[in-house]
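K.L.:
Once you've had a glance at the structure underneath, I'll fire off some questions.
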Amino acid sequence: MSKQNRKAPPYSMLATIYDEVMAHVDYEKWTNYIVSLFEKYDKKPQSILELSCGTGNVLLSLTSKKYNIFGLDLSFEMVRIAYEKAITRNININYFQADMTCFSLKRPVDVVICLYDSINYLDDFSKWQQLFDNVYDALVEQGLFIFDICTEKNSMKYFSNYTETGSGSSFEYLRESSYDRKQKIHQNQFTIKFDGDDNRYIESHQQRIYTINEIQNFISQSHFQCLDAFNGFSFRKADEEALRVHFVLEKASLND
11 MSKQNRKAPP YSMLATIYDE VMAHVDYEKW TNYIVSLFEK YDKKPQSILE
61 LSCGTGNVLL SLTSKKYNIF GLDLSFEMVR IAYEKAITRN ININYFQADM
111 TCFSLKRPVD VVICLYDSIN YLDDFSKWQQ LFDNVYDALV EQGLFIFDIC
161 TEKNSMKYFS NYTETGSGSS FEYLRESSYD RKQKIHQNQF TIKFDGDDNR
211 YIESHQQRIY TINEIQNFIS QSHFQCLDAF NGFSFRKADE EALRVHFVLE
261 KASLND
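So the sequence shown is numbered by the working numbering: it starts at 11 and just counts up by one.
Below, the structure is given as structure tokens:
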């Protein structure tokens, strides 16, 4: 049988191999950093929602802290895998499939997080507005919204005309990355071949790269107060030399 290239939606095929491809990511470090932000702003959350939760690695790590945890992702396959991992570990995490710009909760949570530059998938200001409105409604008064972005410095330094190949338990993949500095678009294309399947599945992922000032401008037009923007996993003030920036926002008091 001849081999065929088949286009696949983002994270439909990649979801099944995601944990092996991203095995290098230190989710425990990321979790500890998020918890340190709670402590820095004297927050003692009981409930946390993660947007674009992927296969649930951060949320699984957070369960050791005894929070009431929720996770959503646009990809059904990512949510399915996250749910199965939680069930296997006999851990109660409330997962559901939804778009982070269009979701609702039965009751508000204390903290919303959106990590691993998932927010860079929002490619225009109107989507940021929708996101901020949804998160605002999902939070208790003075609740925190913590998210990170990857920067142009990161795209230029590590992913401009970048190629990576790898294999796992029953697959091999090719990742091709490029960055269009004029359009501010970071493109990742994954070509995935599974053992026993003659097809090659191609996923194209596109992220918009923003400056810190652009993000600050978006925030200024929302109902959130930006408490800080930090360089990487530190408490240093972020600048355009950072590879990753974490923003910490607070829902404005209803009395303000």
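Quick reminder that beta carbons are idealized off the backbone N, C-alpha and C, glycines included.
Using the Cβ count rule (16 or more neighbours within 10 Å means buried), how would you classify residue 247?
P.N.:
One-based indexing of the sequence shown puts residue 247 at position 237. Classification of residue 247: exposed, given that the 10 Å Cβ count is below 16.
K.L.:
In three-state DSSP terms, what is residue 11?
P.N.:
Within the sequence shown, numbered from 1, the residue matching residue 11 stands at position 1. Low confidence applies to residue 11: its pLDDT is 44, below 50, so where it sits in the model is not reliable enough to give any reading.
K.L.:
Within 10 Å of its beta-carbon, does residue 35 have 16 or more other beta-carbons around it, so buried, or fewer, so exposed?
P.N.:
Locating residue 35 in the sequence shown gives position 25, counting from the first residue. Label assigned to residue 35: exposed.
K.L.:
Could you tell me whether the segment 51-63 touches the segment 14-32, where touching means 3 or more Cβ pairs closer than 8 Å?
P.N.:
No: the two stretches stay apart, fewer than three of their Cβ pairs being nearer than 8 Å.
K.L.:
Using alpha carbons as the reference points, say which of 79, 113, 109, 110 lies closest to residue 101.
P.N.:
As a position in the sequence shown, residue 101 is number 91, starting the count at 1. Comparing Cα positions, the closest option is 79.
K.L.:
Just to confirm, are residue 155 and residue 122 a CB contact at a threshold of 8 Å?
P.N.:
In the sequence shown, residue 155 corresponds to position 145, counting from 1. In the sequence shown, residue 122 corresponds to position 112, counting from 1. Yes; because the gap between Cβ atoms is below 8 Å, this pair is in contact.
K.L.:
Taking only three categories from DSSP, how would you classify residue 102?
P.N.:
The residue labelled residue 102 in the question sits at position 92 within the sequence shown. Three-state result, residue 102: coil.
K.L.:
Between which two residues does the beta strand (DSSP E) containing residue 26 stretch?
P.N.:
Position 16 of the sequence shown holds residue 26. Counting along the chain, residue 26 falls outside any beta strand (DSSP E), though it belongs to the alpha helix (DSSP H) covering 24-31.
K.L.:
Pick helix, strand or coil for residue 86, following the three-state DSSP scheme.
P.N.:
Translated into the one-based positions of the sequence shown, residue 86 becomes position 76. The answer is helix: DSSP assigns residue 86 an H, G or I state.
K.L.:
Considering only their Cβ atoms, is the gap separating residue 138 from residue 228 smaller than 8 Å?
P.N.:
Residue 228 sits at position 218 when you count from the first residue of the sequence shown. Residue 138 sits at position 128 when you count from the first residue of the sequence shown. Their beta carbons are under 8 Å apart, which means residue 228 touches residue 138 by this criterion.
K.L.:
List the whole-angstrom C-beta distance separating residue 254 from residue 130, where the pair is believed to meet the contact cut-off of C-beta under 8 Å.
P.N.:
If you number the sequence shown from 1, residue 254 lands on position 244. If you number the sequence shown from 1, residue 130 lands on position 120. The Cβ separation is near 10 Å, so there is no contact.
K.L.:
Roughly how many angstroms lie between the CA atoms of residue 278 and residue 179, to the nearest whole one?
P.N.:
Since the displayed the chain opens at 11 and closes at 266, residue 278 lies outside it and no answer follows.
K.L.:
Is it right to say residue 206 is buried, meaning 16 or more other beta carbons lie within 10 angstroms of its own, or is it exposed?
P.N.:
Along the sequence shown, read from residue 1 onward, the residue named residue 206 stands at position 196. Looking at its Cβ environment, which holds fewer than 16 other Cβ atoms inside 10 Å, residue 206 is exposed.
K.L.:
Which of helix, strand or coil does DSSP assign to residue 95?
P.N.:
Translated into positions along the sequence shown, residue 95 becomes position 85. Of the three classes helix, strand and coil, the one that applies to residue 95 here is helix, per DSSP.
K.L.:
Per DSSP, what kind of secondary structure is residue 171 in: helix, strand or coil?
P.N.:
Numbered from 1 along the sequence shown, position 161 holds the residue referred to as residue 171. Coil at residue 171, not helix or strand.
K.L.:
Apart from the five residues just before and just after residue 238, which ones in its own chain have a Cβ nearer than 6 Å to its Cβ?
P.N.:
Working through the sequence shown from its first residue, we reach residue 238 at position 228. So the qualifying residues of the chain are 258.
K.L.:
How about residue 92 and residue 105: are their beta carbons less than 8 Å apart?
P.N.:
Translated into the one-based positions of the sequence shown, residue 92 becomes position 82. Translated into the one-based positions of the sequence shown, residue 105 becomes position 95. In contact: residue 92 and residue 105 (Cβ atoms closer than 8 Å).
K.L.:
Give the DSSP-derived three-state secondary structure of residue 239 in the structure shown.
P.N.:
Residue mapping note: residue 239 aligns to position 229 of the sequence shown, counting from 1. Residue 239 falls in the strand class under three-state DSSP.
K.L.:
When burial is assigned at 16 or more other CB atoms within 10 Å of the CB, is residue 158 buried or exposed?
P.N.:
The residue given as residue 158 occupies position 148 in the sequence shown. Residue 158 should be labelled buried.
K.L.:
Nearest-angstrom Cα distance between residue 22 and residue 185?
P.N.:
Here the question's residue 22 lines up with position 12 in the sequence shown. Here the question's residue 185 lines up with position 175 in the sequence shown. Spanning the two alpha carbons is a distance of roughly 15 Å.
K.L.:
With burial defined as no fewer than 16 other Cβ atoms inside 10 Å of the residue's Cβ, what is the status of residue 160: buried or exposed?
P.N.:
Here residue 160 corresponds to residue number 150 of the sequence shown, with the count starting at 1. It counts as buried.
K.L.:
For residue 125, tell me which candidate among 174, 85, 68 has the shortest Cα-Cα distance.
P.N.:
As a working note, residue 125 is residue 115 in the sequence shown. Ranking the options by Cα distance to residue 125, first place goes to 68.
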